[in-house]
Amino acid sequence: MEKIFKNVSLLSATLVLILLIGIFSVLFNNSKLAIDEFGFNFIVDTTWNQDVPVLNTLSKTAQNPAGVQMLDEYGDPLTKTIYGGLIPIVGTILSTLIAMVFALPIAMGIAVFLAEIAPKNISSIVGIAIELLAAIPSIIFGMWGLFYFAPIVQSFVGGYQVSLLTAGLVLGIMILPFMAAITRDSMNTTPDVLKESAYALGATKFEVIKDIIFPYSKTGIIGSIILALGRALGETMAVAFLIGSVFDLPRAINSPTVSIPVALANNFGEASGLAESSLFYLALLLFIISFAVISIAKFYFLRKAN
Amino acid sequence: MRLLINKIVLILSTLSALIGLAFLAWILITLFVKGISSLHFALFINDLINGGLRNLIVGQFVMAGIASLIGIPIGMLAGIYLQEYGRGKFTTLIRDLSDIMMSAPSIVIGAFVYAVVVIPSGGSSGFAGSIALAIMMIPIVINTTDNMLSLVPRELREAGIALGASKYRVILDIIIKAAKVGIMTGLLLSFARIIGETAPLLFTSETSNYFSLDLTEAFPSLTVSIYALANDPVQASRDLAWAASFVLTALVLVINLIGRYITRHKG
Numbered sequence: 034m035e036k037i038f039k040n041v042s043l044l045s046a047t048l049v050l051i052l053l054i055g056i057f058s059v060l061f062n063n064s065k066l067a068i069d070e071f072g073f074n075f076i077v078d079t080t081w082n083q084d085v086p087v088l089n090t091l092s093k094t095a096q097n098p099a100g101v102q103m104l105d106e107y108g109d110p111l112t113k114t115i116y117g118g119l120i121p122i123v124g125t126i127l128s129t130l131i132a133m134v135f136a137l138p139i140a141m142g143i144a145v146f147l148a149e150i151a152p153k154n155i156s157s158i159v160g161i162a163i164e165l166l167a168a169i170p171s172i173i174f175g176m177w178g179l180f181y182f183a184p185i186v187q188s189f190v191g192g193y194q195v196s197l198l199t200a201g202l203v204l205g206i207m208i209l210p211f212m213a214a215i216t217r218d219s220m221n222t223t224p225d226v227l228k229e230s231a232y233a234l235g236a237t238k239f240e241v242i243k244d245i246i247f248p249y250s251k252t253g254i255i256g257s258i259i260l261a262l263g264r265a266l267g268e269t270m271a272v273a274f275l276i277g278s279v280f281d282l283p284r285a286i287n288s289p290t291v292s293i294p295v296a297l298a299n300n301f302g303e304a305s306g307l308a309e310s311s312l313f314y315l316a317l318l319l320f321i322i323s324f325a326v327i328s329i330a331k332f333y334f335l336r337k338a339n
Numbered sequence: 488m489r490l491l492i493n494k495i496v497l498i499l500s501t502l503s504a505l506i507g508l509a510f511l512a513w514i515l516i517t518l519f520v521k522g523i524s525s526l527h528f529a530l531f532i533n534d535l536i537n538g539g540l541r542n543l544i545v546g547q548f549v550m551a552g553i554a555s556l557i558g559i560p561i562g563m564l565a566g567i568y569l570q571e572y573g574r575g576k577f578t579t580l581i582r583d584l585s586d587i588m589m590s591a592p593s594i595v596i597g598a599f600v601y602a603v604v605v606i607p608s609g610g611s612s613g614f615a616g617s618i619a620l621a622i623m624m625i626p627i628v629i630n631t632t633d634n635m636l637s638l639v640p641r642e643l644r645e646a647g648i649a650l651g652a653s654k655y656r657v658i659l660d661i662i663i664k665a666a667k668v669g670i671m672t673g674l675l676l677s678f679a680r681i682i683g684e685t686a687p688l689l690f691t692s693e694t695s696n697y698f699s700l701d702l703t704e705a706f707p708s709l710t711v712s713i714y715a716l717a718n719d720p721v722q723a724s725r726d727l728a729w730a731a732s733f734v735l736t737a738l739v740l741v742i743n744l745i746g747r748y749i750t751r752h753k754g
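Chains as they are written, first to last, in the working numbering: chain B, 34 to 339; chain D, 488 to 754.
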């Protein structure tokens, strides 16, 4: 019995490893078609679902330096469909960037407020409220953002209601509580003795925060920020309502575009063949990027902090 | 000057907290006002096809429930292994990977389940949706179990072993019991987390207008339907989406508050 229990629990633990390897290899296998077709060029190509003429590169002439248009068996021009991932990649990075720029100062403010400024009972009530904000499903943020937040943003900056900017801001509001909560936890690791010594020397609260708490919990805070960034990169629903889901590079901050998770969310069901494989390729890229970002946050910064 | 800077910074930081609270209030008030005005009793006895939410609420609970049936035992056993049996590099590796998976993009897990369950089985199903949610849940449960067991004092383990109990008896009868409250809370919160998920269900379970308990077919999902209804230009659909959002959020927040209450009063 003892042996069975131990082995079953070992098996359950190993399942995590199996799942992770499974996810990686399944995504890789399913994107093989697109990887073979487009290679790494996929990452820098801005065309999505466009037919281009197939050229015979062996028959270059002075008139046709790229090669002659190839024809199919009926004599019609032969075309192939091109998928490139640059637009969703750029959309993901830019929306995350906007979210971080917006959320970072506010989250730091909240963390400082919770850890240092507020009296204990207020801190715990506000802390619970902030954590409840973190528990609200992301689809609610998306819906609220689309119907109530985006029109207000639009009235200030013009452009479209569904845009990179509104998507980024709502994403920022969504990661705000998460970022604030884990940053506060990092700040709380500062020993009281250090703070009290500084106060005894006549330091103001701001000086204690700047010269004692920040330096002491710096790695933890950076780790928390990067972890929030990792969350933002992969967020789907809050962004899906607001980014517009069109495969165009954003011409301005207030014009619509698409991100990797949203491209997956809105196109996966109907796609097949090369289109589906290209979406898997995007999923694979997203998985690798967020895996890397989260690992750096957890194992470089947060571990060093503890 | 020093005092002035101090004052400014303190005000700015208090202001940030107010901004955070203002967003929470704004979202909750919107939900409440829009939700209450579209909410009526008939929503709970009719299915989506008749303009109600019954099948969606049941469907979401069934999928989250099945996900829990799969995810909780696996996650708890894995957590027990990490804390009670595991030693050395392998344990550290599993703990790290589980930590990473906890933050992995949920849409990617949806894509994974689409590839391994939906494509081979020929279509979306409640079963595929449940698997996707279970995969989301496992790392959360592992993390909770691992953390809660680490709080159990060493002496309890030693006392159990000294009485001649085998290790798994000590774990099941003493250690788990000692960490019961914490683990229960953690499980409750992880349930709250997955029941509000949309992205992993979009192309695994999809959703359905009809009441269904058949896990081999496209399955009614509250969240997926909210996404569809909210993007529908018809005002009645949008009102229904708000009512559904209100129900979902109330559910998630109530489970969260219960979890917090348990920790505070029994922990």
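All C-beta atoms, glycine included, are put in the ideal place defined by N, C-alpha and C.
Beta-carbon neighbours of F690/D, restricted to chain B and to distances below 7 Å: Here residue 690/D is taken as the residue at index 203 of the second sequence, counted from 1. In chain order: F301, G302.
What residues from chain D crowd round F146/B, counting only those whose CB sits closer than 7 Å? The residue given as residue 146/B occupies position 113 in the first sequence. Result: S500, T501, S503, A504.
Run down chain B in chain order and give the residues with a C-beta less than 7 Å from the C-beta of S632/D. Within the second sequence, the letter at position 145 stands for residue 632/D. For the sequence presented, residue 632/D should be read as Thr rather than Ser. From the beta-carbon of T632/D, no residue of chain B is found nearer than 7 Å; the closest lies around 10 Å away.
K113/B: first and last residue of the uninterrupted beta strand (DSSP E) it sits in: If you number the first sequence from 1, residue 113/B lands on position 80. Per DSSP, K113/B belongs to the beta strand (DSSP E) from 112-116.
Report all residues from its chain with a CB closer than 7 Å to the CB of L620/D; omit the five preceding and five following residues, and keep chain order. Here residue 620/D refers to the residue found at position 133 when the second sequence is read from its first residue. M550, A551, A554, I681, E684, P687, listed in sequence order.
Which residue from L727/D, A715/D, L738/D, S732/D puts its Cα closest to that of N533/D? For the purposes of this step, residue 533/D is taken as the residue at position 46 of the second sequence. Checked all of L727/D, A715/D, L738/D, S732/D; the closest Cα to N533/D is L727/D.
Selection from L564/D, T691/D, S524/D, G507/D that minimises the alpha carbon distance to S42/B: Here residue 42/B corresponds to residue number 9 of the first sequence, with the count starting at 1. The candidate whose alpha carbon is nearest that of S42/B is L564/D.
If you follow the beta strand (DSSP E) that N82/B is part of, which residue opens it and which one closes it? On the first sequence, residue 82/B is found 49 positions in, with the first residue counted as 1. Start and end: 81-86.
Per DSSP, what kind of secondary structure is G178/B in: helix, strand or coil? Your numbering for residue 178/B matches position 145 in the first sequence. Correct three-state label for G178/B: helix.
Distance check for V77/B and P289/B, CA to CA, integer angstroms please. Counted from its first residue, the first sequence places residue 289/B at position 256. Counted from its first residue, the first sequence places residue 77/B at position 44. Going from the Cα of P289/B to the Cα of V77/B covers about 19 Å.
For T252/B, the three-state DSSP class (helix, strand or coil): Mapped onto the first sequence, residue 252/B falls at position 219. In the structure shown, T252/B sits in a helix (DSSP, three-state: H, G or I).
Need the endpoints of the alpha helix (DSSP H) that A151/B sits in, please. As a position in the first sequence, residue 151/B is number 118, starting the count at 1. From DSSP, A151/B is part of no alpha helix (DSSP H); its letter is neither H nor E.
Using Cβ-Cβ distances below 8 Å, what residues of the region 220-234 of chain B are close to chain D? none
Roughly how many angstroms separate the alpha carbons of L744/D and S593/D, rounded to a whole number? Against the second sequence, residue 744/D aligns to sequence position 257. Against the second sequence, residue 593/D aligns to sequence position 106. Taking the straight line joining both Cα atoms gives about 24 Å.
In the DSSP assignment, what residue or residues form a beta bridge with Q102/B? Along the first sequence, read from residue 1 onward, the residue named residue 102/B stands at position 69. Its beta-bridge partners are L88/B.
Assign S611/D to one of two classes, buried (16 or more other C-beta atoms within 10 Å of its C-beta) or exposed (fewer than that). Residue 611/D sits at position 124 when you count from the first residue of the second sequence. Its Cβ being crowded by 16 or more others within 10 Å, S611/D is buried.
For the alpha helix (DSSP H) that contains Y232/B, what are its first and last residues? For the purposes of this step, residue 232/B is identified with residue 199 of the first sequence, where counting begins at 1. Per DSSP, Y232/B belongs to the alpha helix (DSSP H) from 225-233.
Would you kindly work out how many angstroms separate the C-alpha atoms of L50/B and R582/D, rounded to a whole number? For the purposes of this step, residue 50/B is identified with residue 17 of the first sequence, where counting begins at 1. For the purposes of this step, residue 582/D is identified with residue 95 of the second sequence, where counting begins at 1. Distance between the alpha carbons of L50/B and R582/D is about 10 Å.
Any alpha helix (DSSP H) of 4 or more consecutive residues that is wholly inside the region 540-611 of chain D: 541-567, 575-589, 593-600
Whose C-alpha, out of I516/D, G597/D, T631/D, I606/D, is nearest the C-alpha of I561/D? Within the second sequence, numbered from 1, the residue matching residue 561/D stands at position 74. Residue T631/D is the option with its Cα nearest to I561/D.
Give me the chain D residues within the contact set of N63/B, using Cβ-Cβ distance strictly less than 7 Å, ordered along the chain. As a position in the first sequence, residue 63/B is number 30, starting the count at 1. Those are A602, listed as they occur along chain D.
Answer with buried or exposed for M34/B, where buried requires no fewer than 16 other C-beta atoms within 10 angstroms of its C-beta. Counting from one through the first sequence, the residue named residue 34/B turns up at place 1. That one is exposed.
Contacting residues, own chain, Cβ-Cβ under 8 Å from I544/D (five flanking each side not counted): One-based indexing of the second sequence puts residue 544/D at position 57. Hits under 8 Å: F531, L709, V734.
Nearest to A705/D (by Cα), restricted to the options G609/D, R541/D, S677/D, I749/D: As a working mapping, residue 705/D is identified with position 218 in the second sequence. Out of G609/D, R541/D, S677/D, I749/D, G609/D has the C-alpha closest to the C-alpha of A705/D.
Please check the pair G205/B and A136/B, which I expect to be a contact at CB under 8 Å, by giving their CB distance rounded to whole angstroms. On the first sequence, position 172 is the one that residue 205/B refers to. On the first sequence, position 103 is the one that residue 136/B refers to. With 8 Å as the limit, G205/B and A136/B qualify as a contact, their Cβ atoms being about 4 Å apart.
Hey, quick one: how far does the alpha helix (DSSP H) through Q194/B stretch, first residue to last? Counted from its first residue, the first sequence places residue 194/B at position 161. Counting along the chain, Q194/B falls outside any alpha helix (DSSP H), and DSSP gives it neither H nor E.
Compare the Cα-Cα distances from F71/B to each of L297/B, G117/B, T222/B and report the closest residue. Taking the first sequence and counting its residues from 1, one reaches residue 71/B at position 38. F71/B has its Cα closest to that of G117/B, out of L297/B, G117/B, T222/B.
Taking just the CA atoms, how far does P707/D sit from I536/D? Here residue 536/D is taken as the residue at index 49 of the second sequence, counted from 1. Here residue 707/D is taken as the residue at index 220 of the second sequence, counted from 1. Roughly 11 Å separates the two Cα atoms.
Chain B contacts made by the region 510-531 of chain D, where a contact means CB separation under 8 Å: Per Cβ criterion, the list reads F510, L511, W513, I514, T517, L518.
In angstroms, rounded to a whole number, what distance separates the CA positions of R747/D and S677/D? Numbered from 1 along the second sequence, position 260 holds the residue referred to as residue 747/D. Numbered from 1 along the second sequence, position 190 holds the residue referred to as residue 677/D. Roughly 13 Å between the two C-alpha positions.
I'd like the list of long-range same chain contacts for G566/D, defined as Cβ closer than 6 Å, with 5 residues on each side in sequence excluded. Position 79 of the second sequence holds residue 566/D. Here the set comprises I629, T632, D633.
Check whether the Cβ of K39/B lies closer than 8 Å to any Cβ atom in chain D. Taking the first sequence and counting its residues from 1, the one referred to as residue 39/B is at position 6. It does: the Cβ of K39/B has a partner Cβ on chain D nearer than 8 Å.
Which two residues bound the contiguous alpha helix (DSSP H) that contains K667/D? What you label residue 667/D is simply residue 180 of the second sequence in a count that begins at 1. Element bounds for K667/D: 667-682.
State whether the region 206-221 of chain B contacts the region 273-284 of chain B, with contact taken as three or more CB pairs (one from each stretch) at a distance under 8 Å. Under the three-pair Cβ rule at 8 Å, the region 206-221 of chain B does not count as touching the region 273-284 of chain B.
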